[in-house]
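Just below is one structure, and these are the notes that go with it.
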Amino acid sequence: MMPGGDSAPAIFLLFVLNVLTCLPLGHASLPLVINTWPFKDATEAAWKSLQSGGTVLDAVEKGCGQCEEAQCDGSVGYGGSPDERGETTLDAMIMNGDTMEVGAVADLRRIKNAIGVARAVMERTTHTLLVGESASLFAENMGFTAEDLTTNKSLNIFLEWLKGNCQPNYRKNVFPDPSKYCGPYKPRAPVTDKQTRGHANVHSHDTIGMIAMDQGGRVAAGTSTNGMTHKVPGRVGDSPIAGAGAYADSSVGGAAATGDGDVMMRFLPSYLAVEQMRAGADPSAACETAISRIKRHYADFFGAIICANTTGHYGAACNKIAGFSQFRFTVSNSETVTSRVLHVDCF
Ligand SMILES: *[C@@H]1O[C@H](CO)[C@@H](O)[C@H](O)[C@H]1NC(C)=O
Ligand SMILES: *[C@@H]1O[C@H](CO)[C@@H](O)[C@H](O)[C@H]1NC(C)=O
Numbered sequence: 011m012m013p014g015g016d017s018a019p020a021i022f023l024l025f026v027l028n029v030l031t032c033l034p035l036g037h038a039s040l041p042l043v044i045n046t047w048p049f050k051d052a053t054e055a056a057w058k059s060l061q062s063g064g065t066v067l068d069a070v071e072k073g074c075g076q077c078e079e080a081q082c083d084g085s086v087g088y089g090g091s092p093d094e095r096g097e098t099t100l101d102a103m104i105m106n107g108d109t110m111e112v113g114a115v116a117d118l119r120r121i122k123n124a125i126g127v128a129r130a131v132m133e134r135t136t137h138t139l140l141v142g143e144s145a146s147l148f149a150e151n152m153g154f155t156a157e158d159l160t161t162n163k164s165l166n167i168f169l170e171w172l173k174g175n176c177q178p179n180y181r182k183n184v185f186p187d188p189s190k191y192c193g194p195y196k197p198r199a200p201v202t203d204k205q206t207r208g209h210a211n212v213h214s215h216d217t218i219g220m221i222a223m224d225q226g227g228r229v230a231a232g233t234s235t236n237g238m239t240h241k242v243p244g245r246v247g248d249s250p251i252a253g254a255g256a257y258a259d260s261s262v263g264g265a266a267a268t269g270d271g272d273v274m275m276r277f278l279p280s281y282l283a284v285e286q287m288r289a290g291a292d293p294s295a296a297c298e299t300a301i302s303r304i305k306r307h308y309a310d311f312f313g314a315i316i317c318a319n320t321t322g323h324y325g326a327a328c329n330k331i332a333g334f335s336q337f338r339f340t341v342s343n344s345e346t347v348t349s350r351v352l353h354v355d356c357f
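So the sequence shown is numbered by my numbering: it starts at 11 and just counts up by one.
Right, dumping it as structure tokens:
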């Protein structure tokens with residue numbers, strides 16, 4: 011920061027501010043940016059956008075877009091989570107809590123800025139969700155650059171997977187045995203393995219989900235991810251599904267989820283959390299209810315959710331499993347000075 015002898019008191023002041031600002035988890039103030047995981051640069055990009063007069067939609071687009079460029083944890087943006095064929099494909103969504111408009115893309119190929127394309131779907135079509143090759147063509151027509159999303163890193167992940175007999179693997183009830191061999195696969199009778207699920211690394215799907223709220227309580231939410239490493243081509247997770255990956259309603263608040271999307275999307279956790287807040291639940295309790303609902307059917311699912319209401323109160327919850335006992339998320343509001351990484355203990 012500043013050169014010379016002034017830095018010691020300045021550092022002490024920063025320390026005091028840090029101590030003061032890290033204590034009140036759930037301390038409310040508006041405007042607010044909150045997102046999943048310790049993706050601080052994304053939070054700060056969104057916050058900066060709000061501070062410079064951007065709308066909540068701009069903030070969510072900027073914040074998630076920052077993660078796409080920075081390839082947050084390798085699980086957002088290009089060059090991560092190669093599918094069974096080695097290709098990176100992207101899912102993203104943005105939701106306007108004032109108008110309840112949603113724009114989303116899924117299985118998007120060759121375009122880096124998935125959240126930007128999601129916003130274009132919302133603003134330049136009357137549709138909600140575009141997928142696959144046609145979504146890429148739409149994006150190109152709207153001025154987005156088409157480029158290869160493969161990097162040396164994603165290529166290596168793919169090649170290592172091939173070398174390791176295609177493990178982990180998300181197929182079941184096929185021949186040859188997908189727990190031992192690579193494809194191509196054919197259906198195998200009888201269908202017996204109902205619950206077998208490849209247990210993915212908890213860090214292979216750290217989707218960014220973000221909620222932004224302005225002084226007037228206007229809410230937007232969004233997500234961006236490259237999905238699950240080694241997924242079956244065409245697989246779409248919870249992120250681009252309204253009510254699953256995220257949800258926003260300016261008369262209540264917003265929520266965004268992360269984790270095992272294949273399971274979580276069956277329960278619309280973000281929608282459930284917002285409805286809980288509508289019925290009077292505080293944000294932490296709303297988040298817990300959404301996690302509990304899934305837990306009842308999938309006790310060992312990997313997942314977490316963030317929730318915020320229109321007075322800027324927020325909370326989070328996660329399912330406690332081996333290797334995942336705390337969930338970190340990031341908040342910016344006028345109390346935090348800069349962005350702050352907070353955590354909740356999973357239950
Ligand atoms: C990727 O690998 C190729 C061949 O090994 C190498 O020439 C290239 O510089 C690498 N690119 C990056 C960005 O590391
Ligand atoms: C948001 O949640 C807090 C904490 O439960 C509560 O005090 C506040 O009234 C809620 N705000 C709204 C608008 O419901």
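We treat Cβ as the ideally placed atom computed from N, Cα and C, and that holds for glycine.
Contact under 8 Å by Cβ, residue i with residue j
i	j	result
Ser280	Ile304	no
Leu313	Ala254	Correcting the residue identity first, residue 313 is Gly in this sequence and not Leu. Not in contact: Gly313 and Ala254 (Cβ atoms no closer than 8 Å).
Ile125	Gly232	yes
Ser335	Ser342	no
Asn319	Cys356	no
Leu147	Val115	no
Phe7	Ala326	Here the chain covers residues 11 to 357 and nothing more, so residue 7 does not appear.
Thr160	Gly87	no
Thr202	Thr46	no
Ser164	Asn179	no
Met220	Val354	no
Val127	Ala149	yes
Thr235	Ser249	yes
Glu298	His37	no
Gly264	Gly113	no
Ala374	Gln76	A question about residue 374 goes unanswered here, because the residues of the chain that appear run from 11 up to 357.
Arg119	Gly142	yes
Bridge partners - residue i, DSSP secondary structure assignment
i	result
Arg350	Val341
Cys317	Ala265, Gly325
Ala291	According to DSSP, Ala291 bridges with nothing at all.
Phe334	Ile331
Val229	Met223
Leu100	Leu118
Thr235	Asp101
Pro197	Val184
Asp259	Gly263
Ile218	Ser234
Asp355	Gln336
Residue i beta carbon near ligand 2 (any heavy atom closer than 7 Å)
i	result
His353	no
His323	yes
Asp272	no
Asn343	no
Pro293	yes
Thr320	yes
Whole-number beta carbon distance between residue j and residue i, since they are thought to touch under 8 Å
i	j	result
Ser39	Gly237	Not a contact, Cβ separation roughly 34 Å.
Met223	Val347	Between Val347 and Met223 the Cβ distance is about 18 Å, and since that is not below 8 Å, they are no contact.
Gly73	Ala55	5 Å
Ala252	Ala230	No, Ala252 and Ala230 are not in contact; Cβ-Cβ is about 13 Å, not under 8 Å.
Ser260	Gly290	That pair is no contact at about 17 Å.
Arg129	Ile104	5 Å
Gly271	Gly247	3 Å
Lys241	Asp93	5 Å
Arg198	Asn183	5 Å
Tyr324	Leu42	7 Å
Ala362	Met287	Nothing in the structure corresponds to residue 362, since the chain is present only between 11 and 357.
Considering only residues of the region 38–69, which uninterrupted alpha helix (DSSP H) runs meet the minimum length of 4 residues and lie entirely inside it, listed in chain order? 50–61
Please go through the region 106–187 and give each complete alpha helix (DSSP H) segment of 4 or more residues, from N-terminal end onward. 124–134, 142–151, 162–173
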